[in-house]
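In my numbering, the protein residues as written are 83 to 432.
Built from N, CA and C at the ideal position, the CB exists for glycine as well.
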Amino acid sequence: MTISKPAARRTVLQETDAEADRQLNTLTGWRRFIDGPPTPPVLASRSAWQQMNPAERDLYDESRLDHHARMLTVATSFVERTAICGRRLVLLNRHAISARRGLIVSGPAGTGKTIAITQLGRSHELLDRARHPHATHRIPVVYVTVPPAATARMIATEFARFLGLPVRARSNMTDIIEAVVGVCTDTRTALVLVDELHNISLTSRHGAEVADTLKYFSERLPATFVYAGIDIDESGLLSGTRGAQIAGRFTLIPSRPFPYNSEWKGLVAAMEDTLRLHEHRPGTLTDLDRFLHSHTGGMIGSLSHAVRGAALDAILTGTEKITKKSLQAIPLDHTAHTTASMATKTATSR
């Protein structure tokens, strides 16, 4: 069957729209995140699984693949500390007229910064919904990311994009900012999450203008601003005149790789509990928790990637189980390899 060009174009646009709806930096995607992931699929009995015809098996496997592909969120001590600090600042800022305090979450890549601030946003929005169950017009949380080589107009456009406001080529900065401030004020936005802050460089003119634009937004909006980025405290963003203004008003929460302790063991156990594999023996991952710590350098992002990747391979290859070998077959990020290598050298030298 031949698909006409208009029909094919509609299909592509529909897929693009569906992908956008899953992104946190759009209001639709953010609300899907707030509503939570779908219920995990039920693991079929061995006899029912073996009796499935190919079409039934494909649908069943697809639901399990989708489940394992999702990022598991675990209530770590770091997530809880960020949530408590963020909640405190929201309360302190509630009646502030100016000089509102903010929060910066900073640390190496893969240490759970985005998870921490998005969980803070989720808890705030759920609380707002509980307090105002019939106020469907409210947008209590805004989540944006700083694009690479961002300009002031680009960051303002990111705010407008989240809110679903049209930005035309002839729209100037003042028009965009006023529209964003107007909508956020009318919809009672109280928390603004700005991720990937390390994409700002105060040594460049554009970077300085982006910092000034964020500062202007924070002054115009009666909201608490939360920033997250890689090694912000070491990047120069907190130095100089502009950096000093940020450092003087923001609390810094550092994120770090997890040590090998009871919390790490709990993380591995929590991830194992989510597996939907037919041949996986319970306790296999927890028996490998020390190996997983060494393998991932204690990075929660790398741990999640390794476990989810091995689970996907287990379904795709038909082995239906995770082993040490299958975990080692999942390529990890360079940071995890570097951290693990340094830890090994340190342990060897002792």
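Subject >> Continuous alpha helix (DSSP H) stretch holding residue 197: start and end >> reply: Taking the sequence shown and counting its residues from 1, one reaches residue 197 at position 115. Counting along the chain, the alpha helix (DSSP H) containing residue 197 begins and ends at 195 to 213.
**OP:** Would you kindly check if the distance between the Cβ of residue 196 and the Cβ of residue 117 is under 9 Å?
**Re:** One-based indexing of the sequence shown puts residue 117 at position 35. One-based indexing of the sequence shown puts residue 196 at position 114. No, the pair does not count as a contact, with Cβ atoms beyond the cut-off.
Original post:
Taking residue 360 as the reference, which of 112, 183, 124 has the closest Cα?
Top reply: Counted from its first residue, the sequence shown places residue 360 at position 278. If we check each option's Cα against that of residue 360, 124 comes out closest.
**OP:** Sort 389, 113, 307, 107 by Cα distance to residue 357 and report the nearest one.
**Re:** Taking the first residue of the sequence shown as position 1, residue 357 is located at position 275. For the residues 389, 113, 307, 107, the minimum Cα distance to residue 357 belongs to 389.
**OP:** For my contact list, residue 232 and residue 258 are in at a C-beta cut-off of 8 Å; report their separation, rounded to the angstrom.
**Re:** By one-based count along the sequence shown, residue 232 stands at place 150. By one-based count along the sequence shown, residue 258 stands at place 176. About 14 Å; that fails the 8 Å criterion.
Subject >> Opening and closing residue of the beta strand (DSSP E) in which residue 188 lies >> reply: Walking along the sequence shown from the start, residue 188 turns up at place 106. Taken as a continuous stretch (DSSP letters only), the beta strand (DSSP E) holding residue 188 covers 184 to 189.
Subject >> For residue 413, three-class secondary structure by DSSP >> reply: Working through the sequence shown from its first residue, we reach residue 413 at position 331. Of the three classes helix, strand and coil, the one that applies to residue 413 here is coil, per DSSP.
Original post:
Mind pulling the alpha helix (DSSP H) runs of 4 or more residues that sit fully within the region 266 to 311?
Top reply: 287 to 302
Original post:
Any idea what DSSP makes of residue 227, helix, strand or coil?
Top reply: Along the sequence shown, read from residue 1 onward, the residue named residue 227 stands at position 145. Reduced to three states, the DSSP call for residue 227 is strand.
**OP:** Taking only the alpha-carbon atoms, compute the straight-line gap between residue 94 and residue 246 and give it to the nearest angstrom.
**Re:** Position 12 of the sequence shown, counting from 1, holds the residue named residue 94. Position 164 of the sequence shown, counting from 1, holds the residue named residue 246. Note that residue 94 scores 39 on pLDDT, short of 50, meaning its location in the model is unreliable and no value can be drawn from it.
**OP:** Below 7 Å CB to CB, which residues in the same chain sit around residue 345 once its five sequence neighbours on both sides are set aside?
**Re:** Numbered from 1 along the sequence shown, position 263 holds the residue referred to as residue 345. Taken in chain order, the residues that qualify are 158, 159.
Subject >> One or two residues paired with residue 332 in a DSSP bridge >> reply: Working through the sequence shown from its first residue, we reach residue 332 at position 250. Looking at the DSSP assignment, residue 332 forms a beta bridge with 184.
Original post:
Is it true that the CB of residue 207 sits closer than 9 Å to the CB of residue 223?
Top reply: The residue given as residue 223 occupies position 141 in the sequence shown. The residue given as residue 207 occupies position 125 in the sequence shown. Result yes, Cβ atoms of residue 223 and residue 207 sit closer than 9 Å.
Original post:
Is it a yes or a no for the region 265 to 277 touching the region 299 to 313, going by three-plus beta-carbon pairs under 8 Å?
Top reply: yes
**OP:** For residue 412, I'd like the list of residues in its chain whose CB is within less than 6 Å of its CB, leaving aside the five on either flank, ordered along the chain.
**Re:** Taking the first residue of the sequence shown as position 1, residue 412 is located at position 330. Cβ neighbours of residue 412 beyond the five flanking positions: 388, 391, 392.
**OP:** Could you name each continuous beta strand (DSSP E) segment of 3 residues or more that falls completely within the region 329 to 407, going from the start of the chain to the end?
**Re:** 332 to 336
**OP:** Just mark residue 164 as buried or exposed, buried being the case when its beta carbon has 16 or more other beta carbons within 10 Å.
**Re:** On the sequence shown, position 82 is the one that residue 164 refers to. By the 10 Å Cβ count, residue 164 comes out buried.
**OP:** Can you give me the Cβ contacts of residue 205 inside the same chain, cut-off strictly under 7 Å, excluding the 5 residues immediately before and after it?
**Re:** Walking along the sequence shown from the start, residue 205 turns up at place 123. Contacts found: 165.
Original post:
Roughly how many whole angstroms lie between the Cα atoms of residue 189 and residue 316?
Top reply: On the sequence shown, residue 189 is found 107 positions in, with the first residue counted as 1. On the sequence shown, residue 316 is found 234 positions in, with the first residue counted as 1. Cα to Cα, the separation comes out at about 9 Å.
Subject >> Assigned secondary structure, residue 174 (DSSP; H/G/I helix, E/B strand, else coil) >> reply: Start at 1 with the first residue of the sequence shown, and residue 174 comes out as number 92. Helix.
Original post:
Quick one: complete alpha helix (DSSP H) runs, 4+ long, within the region 126 to 167?
Top reply: 128 to 132, 136 to 151
Original post:
From residue 405 to residue 365, what distance separates their C-alpha atoms?
Top reply: In the sequence shown, residue 405 corresponds to position 323, counting from 1. In the sequence shown, residue 365 corresponds to position 283, counting from 1. Looking at the two C-alpha atoms, the distance is approximately 11 Å.
**OP:** Identify, in the order they occur along the chain, each residue of the same chain with its Cβ nearer than 7 Å to the Cβ of residue 372, setting aside the five sequence neighbours on each side.
**Re:** Your numbering for residue 372 matches position 290 in the sequence shown. Contacts found: 342.
**OP:** Would you mind reading off the limits of the alpha helix (DSSP H) that contains residue 113?
**Re:** Along the sequence shown, read from residue 1 onward, the residue named residue 113 stands at position 31. Taken as a continuous stretch (DSSP letters only), the alpha helix (DSSP H) holding residue 113 covers 109 to 117.
Original post:
What three-state label does DSSP hand residue 104 in the structure shown?
Top reply: Start at 1 with the first residue of the sequence shown, and residue 104 comes out as number 22. Residue 104 falls in the coil class under three-state DSSP.
Original post:
Under a Cβ-count criterion, where at least 16 other Cβ atoms within 10 Å of its own Cβ denotes burial, should residue 354 be classed as buried or exposed?
Top reply: As a first step, residue 354 is located in the sequence shown; it is residue number 272 there, counting from the start. Looking at its Cβ environment, which holds 16 or more other Cβ atoms inside 10 Å, residue 354 is buried.
Original post:
Could you give the residue range of the alpha helix (DSSP H) that holds residue 234?
Top reply: Here residue 234 refers to the residue found at position 152 when the sequence shown is read from its first residue. Segment 234 to 245, the alpha helix (DSSP H) holding residue 234.
Subject >> Buried or exposed by the 16-neighbour rule on C-beta atoms within 10 Å, applied to residue 149 >> reply: Along the sequence shown, read from residue 1 onward, the residue named residue 149 stands at position 67. Answer is buried; the Cβ neighbour count reaches 16.
Original post:
Roughly how many whole angstroms lie between the Cα atoms of residue 280 and residue 347?
Top reply: Within the sequence shown, residue 280 is the residue found at index 198, counting from 1. Within the sequence shown, residue 347 is the residue found at index 265, counting from 1. Spanning the two alpha carbons is a distance of roughly 31 Å.
Original post:
What is the C-beta distance between residue 295 and residue 318, in whole angstroms, given that I count them as a contact (C-beta under 8 Å)?
Top reply: For the purposes of this step, residue 295 is identified with residue 213 of the sequence shown, where counting begins at 1. For the purposes of this step, residue 318 is identified with residue 236 of the sequence shown, where counting begins at 1. That belief does not hold up - the Cβ atoms of residue 295 and residue 318 are roughly 18 Å apart, past 8 Å.
**OP:** Measuring alpha carbon to alpha carbon, tell me which of 410, 407, 402, 409 ends up nearest residue 147.
**Re:** Here residue 147 refers to the residue found at position 65 of the sequence shown. When each option's Cα is compared against that of residue 147, the closest is 402.
Original post:
With residue 306 and residue 172 assumed to form a contact (beta carbons below 8 Å), what rounded beta-carbon distance in angstroms separates them?
Top reply: Here residue 306 refers to the residue found at position 224 when the sequence shown is read from its first residue. Here residue 172 refers to the residue found at position 90 when the sequence shown is read from its first residue. Rounded, the Cβ-Cβ distance is 5 Å, consistent with contact.
Subject >> Integer-rounded CB distance, given that residue 175 should sit under 8 Å from residue 169 >> reply: By 1-based counting over the sequence shown, the position of residue 169 is 87. By 1-based counting over the sequence shown, the position of residue 175 is 93. At roughly 11 Å, the Cβ-Cβ gap does not stay under 8 Å, so residue 169 and residue 175 are not in contact.
Original post:
What's the C-alpha gap between residue 129 and residue 236?
Top reply: For the purposes of this step, residue 129 is taken as the residue at position 47 of the sequence shown. For the purposes of this step, residue 236 is taken as the residue at position 154 of the sequence shown. Rounded to the nearest angstrom, the two C-alpha atoms are 55 Å apart.
Original post:
In whole angstroms, what separates the C-alpha of residue 198 from that of residue 186?
Top reply: Taking the first residue of the sequence shown as 1, we reach residue 198 at position 116. Taking the first residue of the sequence shown as 1, we reach residue 186 at position 104. Roughly 11 Å separates the two Cα atoms.
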